[in-house]
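**Student:**
Chains as they are written, first to last, in my numbering: chain Z, 19 to 296; chain R, 477 to 601.
1) To be precise: take each residue of the stretch 273 to 286 of chain Z, compare its Cβ to all Cβ atoms of chain R, and keep it if any distance is under 8 Å. Which residues remain?
2) I'd like to know whether the C-beta of residue 64(Z) is nearer than 8 Å to at least one C-beta of chain R.
3) Which chain R residues are close to residue 20(Z), counting only those with a beta carbon under 8 Å from its beta carbon?
4) Can you give me the start and stop residues for the beta strand (DSSP E) that residue 256(Z) sits inside?
5) Any beta carbon from chain Z within less than 8 Å of residue 559(R)'s own beta carbon?
6) Please confirm if residue 571(R) has its CB atom under 8 Å from at least one CB of chain Z.
7) Name the chain Z residues whose beta carbon is nearer than 7 Å to that of residue 600(R)?
8) Got a sec: is the Cβ-Cβ distance from residue 595(R) to anything in chain Z below 8 Å?
9) Consider the Cβ of residue 528(R): report whether some Cβ of chain Z lies at a distance smaller than 8 Å.
10) Quick one: list the residues of chain R neighbouring residue 71(Z), beta-carbon separation under 7 Å, in chain order.
11) Going along chain R, which residues have a C-beta under 8 Å from residue 117(Z)?
12) Taking the Cβ atom as the reference point for each residue, do residue 272(Z) and residue 66(Z) lie within a distance shorter than 8 Å?
13) Can you confirm whether residue 585(R), when its beta carbon is compared against all beta carbons of chain Z, has any partner nearer than 8 Å?
14) Where do the N-terminal and C-terminal ends of the alpha helix (DSSP H) with residue 227(Z) fall, by residue?
15) Give a yes or no on whether the C-beta atoms belonging to residue 244(Z) and residue 548(R) are separated by under 8 Å.
16) Indicate whether residue 522(R) and residue 60(Z) have their beta-carbon atoms separated by less than 8 Å.
17) May I ask you to verify whether the stretch 593 to 601 of chain R touches the stretch 570 to 579 of chain R, counting CB pairs closer than 8 Å and requiring at least 3?
18) Among 208(Z), 207(Z), 200(Z) and 238(Z), whose alpha-carbon lies nearest the alpha-carbon of residue 221(Z)?
19) If you draw a straight line from the alpha carbon of residue 20(Z) to that of residue 31(Z), how long is it in whole angstroms?
20) Between the stretch 85 to 94 of chain Z and the stretch 498 to 505 of chain R, do three or more beta carbon pairs fall short of 8 Å?
21) Quick one, are the C-beta atoms of residue 551(R) and residue 229(Z) less than 8 Å apart?
22) Taking Cβ positions only, does residue 242(Z) come closer than 8 Å to chain R?
23) Beta-carbon of residue 506(R) versus every beta-carbon of chain Z: anything under 8 Å?
24) Cα separation between residue 236(Z) and residue 166(Z)?
25) To the nearest whole angstrom, what separates the beta carbons of residue 239(Z) and residue 190(Z), a pair I think is in contact under 8 Å?
26) Taking only runs of the alpha helix (DSSP H) that begin and end inside the stretch 58 to 90 of chain Z, which ones reach a length of at least 4 residues, in chain order?
27) Would you report the Cα separation of residue 270(Z) and residue 38(Z), rounded to the nearest angstrom?
28) Taking 8 Å as the CB-CB limit, is residue 296(Z) close to chain R?
29) Tell me, please, whether the CB atom of residue 460(R) is closer than 8 Å to any CB atom in chain Z?
30) Among the candidates 251(Z), 79(Z), 103(Z) and 197(Z), whose CA atom is the shortest distance from the CA of residue 233(Z)?
31) Mind checking residue 282(Z): buried by the 16 CB within 10 Å criterion, or exposed?
32) Distance check for residue 290(Z) and residue 57(Z), CA to CA, integer angstroms please.
33) Anyone know if the C-beta pair for residue 105(Z) and residue 183(Z) falls short of 8 Å?
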């Protein structure tokens, strides 16, 4: 097949990934890499470069909508971005020394975790916790809009959240994903934030983290314009379409379908990684 | 207009980000269509990793490619603009903290901004 045919196929696949990612809220980046490597046989390093670019596009493109809702905790986002950007830079350095087979296995495991995390309900948090001394010093406690007006919430376990965010940064650069599942794990589970605050603050951080990794990969020659073009525009188009359709579709069914797709891709990536097919 | 609360600043930032993404997508589209017209019939060769040529790896190289109307360099310019959107977001957040004279967060935001600029301008070697 020639370049034109491949470009159109990759664009169509990326559109589908962006659409599903937006409708399910799980992000499209996670299925882009298995699609490009397993389905189209593209080298994993080019796939990682193109995927990171599409992650930035969806994060920055969705920012306006998220901001309007008023859930993003900017101070917390900036504090944790110190961890994710340092993590992303270490991940990008590390990537030069890790074999593509090992990356494939790691990717499969992260996919499985994402499927598992996506099928769990958000954690319940109690507001009666005493204020955390560090969170008070860093002025992280905030409010979010609720039906009865602004509702206060507290932030806790900042060192644990910071460490998880470093890991999220490493994974983001190493695997070319947004690692939103790990970021939400850190904020929702460890730091005890309301679910909406976790997901919107995570969107803020995903773009910044991916930009740190993408800069390094640009200089290392992983970002192939011929591939970044259909992947970026496809995912962005799918995400914008998804945002329009969101109110009219049954997301529960879609989430189940998407979770199954992710599990199949995870097994495929694990198999390819273990048998050296990447 | 001088937004003083976190929310007002963020609203302004969100709008600029959307404009930035659309601009980047437009540049990528123009370069991409030109690329397909020129090389659409060529065989597809991304199955093995060769790495991009030096002129598509650095900002200076991309700029000279764009000046010479090279379609692949134009796509790469769009990619660089896109990588710039979260960086602009952090820079505008820094302005917000400066207005609030919030020293701690001015420091943290400067650190994040520095790491991002280092990555885009130099990579890690």
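Ideal placement from N, C-alpha and C gives every residue a C-beta, glycine not left out. Note that the structure is a prediction, hence the values are computed from the model and not measured.
**Tutor:** On the basis of the supplied data:
1) none
2) For the purposes of this step, residue 64(Z) is taken as the residue at position 46 of the first chain. Closer than 8 Å: yes.
3) In the first chain, counting from the first residue as 1, residue 20(Z) sits at position 2. Neighbours of residue 20(Z) on chain R, chain order: 516, 517, 518, 519 and 520.
4) Your numbering for residue 256(Z) matches position 238 in the first chain. Counted as a single uninterrupted DSSP element, the stretch harbouring residue 256(Z) is not any beta strand (DSSP E) but the alpha helix (DSSP H) occupying residues 243 to 263.
5) In the second chain, the residue the question calls residue 559(R) occupies position 83. True, the Cβ-Cβ gap to chain Z drops below 8 Å.
6) Taking the first residue of the second chain as 1, we reach residue 571(R) at position 95. Cβ-Cβ to chain Z under 8 Å: no for residue 571(R).
7) Stepping through the second chain from its first residue, residue 600(R) is reached at position 124. Result: 107, 110, 111 and 234.
8) Looking up residue 595(R) in the second chain gives position 119. Taking Cβ atoms only, chain Z reaches closer than 8 Å to residue 595(R), which makes this a yes.
9) Locating residue 528(R) in the second chain gives position 52, where the first residue counts as 1. Yes, its Cβ sits closer than 8 Å to a Cβ of chain Z.
10) By one-based count along the first chain, residue 71(Z) stands at place 53. Neighbours of residue 71(Z) on chain R, chain order: 555 and 558.
11) Here residue 117(Z) refers to the residue found at position 99 of the first chain. Here the premise fails: no neighbours, minimum Cβ distance about 13 Å.
12) Here residue 272(Z) refers to the residue found at position 254 when the first chain is read from its first residue. Here residue 66(Z) refers to the residue found at position 48 when the first chain is read from its first residue. The Cβ-Cβ distance between residue 272(Z) and residue 66(Z) does not fall below 8 Å.
13) Numbered from its first residue, the second chain carries residue 585(R) at position 109. Judged by the 8 Å Cβ criterion, residue 585(R) is in contact with chain Z.
14) Along the first chain, read from residue 1 onward, the residue named residue 227(Z) stands at position 209. Taken as a continuous stretch (DSSP letters only), the alpha helix (DSSP H) holding residue 227(Z) covers 213 to 238.
15) On the first chain, position 226 is the one that residue 244(Z) refers to. On the second chain, position 72 is the one that residue 548(R) refers to. Cβ atoms of residue 244(Z) and residue 548(R): closer than 8 Å.
16) Along the second chain, one-based indexing puts residue 522(R) at 46. Along the first chain, one-based indexing puts residue 60(Z) at 42. Yes, the pair counts as a contact, with Cβ atoms nearer than the cut-off.
17) no
18) One-based indexing of the first chain puts residue 221(Z) at position 203. Ranking the options by Cα distance to residue 221(Z), first place goes to 200(Z).
19) Residue mapping note: residue 20(Z) aligns to position 2 of the first chain, counting from 1. Residue mapping note: residue 31(Z) aligns to position 13 of the first chain, counting from 1. Cα to Cα, the separation comes out at about 17 Å.
20) no
21) Against the second chain, residue 551(R) aligns to sequence position 75. Against the first chain, residue 229(Z) aligns to sequence position 211. Not in contact: residue 551(R) and residue 229(Z) (Cβ atoms no closer than 8 Å).
22) Sequence index remark: in the first chain, residue 242(Z) carries index 224 (1-based). For residue 242(Z), the nearest beta carbon of chain R is closer than 8 Å to its own beta carbon.
23) As a working note, residue 506(R) is residue 30 in the second chain. Chain Z contact via Cβ: absent.
24) Numbered from 1 along the first chain, position 218 holds the residue referred to as residue 236(Z). Numbered from 1 along the first chain, position 148 holds the residue referred to as residue 166(Z). Near 48 Å, if we compare the C-alpha coordinates of residue 166(Z) and residue 236(Z).
25) In the first chain, counting from the first residue as 1, residue 239(Z) sits at position 221. In the first chain, counting from the first residue as 1, residue 190(Z) sits at position 172. 19 Å between Cβ atoms; not a contact.
26) 62 to 87
27) Numbered from 1 along the first chain, position 252 holds the residue referred to as residue 270(Z). Numbered from 1 along the first chain, position 20 holds the residue referred to as residue 38(Z). Rounded to whole angstroms, residue 270(Z) to residue 38(Z) spans 12 Å at the Cα level.
28) For this step, residue 296(Z) is matched to residue 278 along the first chain. Cβ-Cβ to chain R under 8 Å: no for residue 296(Z).
29) Beyond the ends of chain R as shown, which are 477 and 601, falls residue 460(R); an answer cannot be given.
30) If you number the first chain from 1, residue 233(Z) lands on position 215. Ranking 251(Z), 79(Z), 103(Z) and 197(Z) by Cα distance to residue 233(Z) puts 103(Z) first.
31) As a first step, residue 282(Z) is located in the first chain; it is residue number 264 there, counting from the start. With fewer than 16 Cβ atoms within 10 Å of its Cβ, residue 282(Z) is classed as exposed.
32) Taking the first chain and counting its residues from 1, one reaches residue 57(Z) at position 39. Taking the first chain and counting its residues from 1, one reaches residue 290(Z) at position 272. So the alpha carbons of these two residues sit roughly 12 Å apart.
33) If you number the first chain from 1, residue 105(Z) lands on position 87. If you number the first chain from 1, residue 183(Z) lands on position 165. A contact, by the Cβ cut-off of 8 Å.
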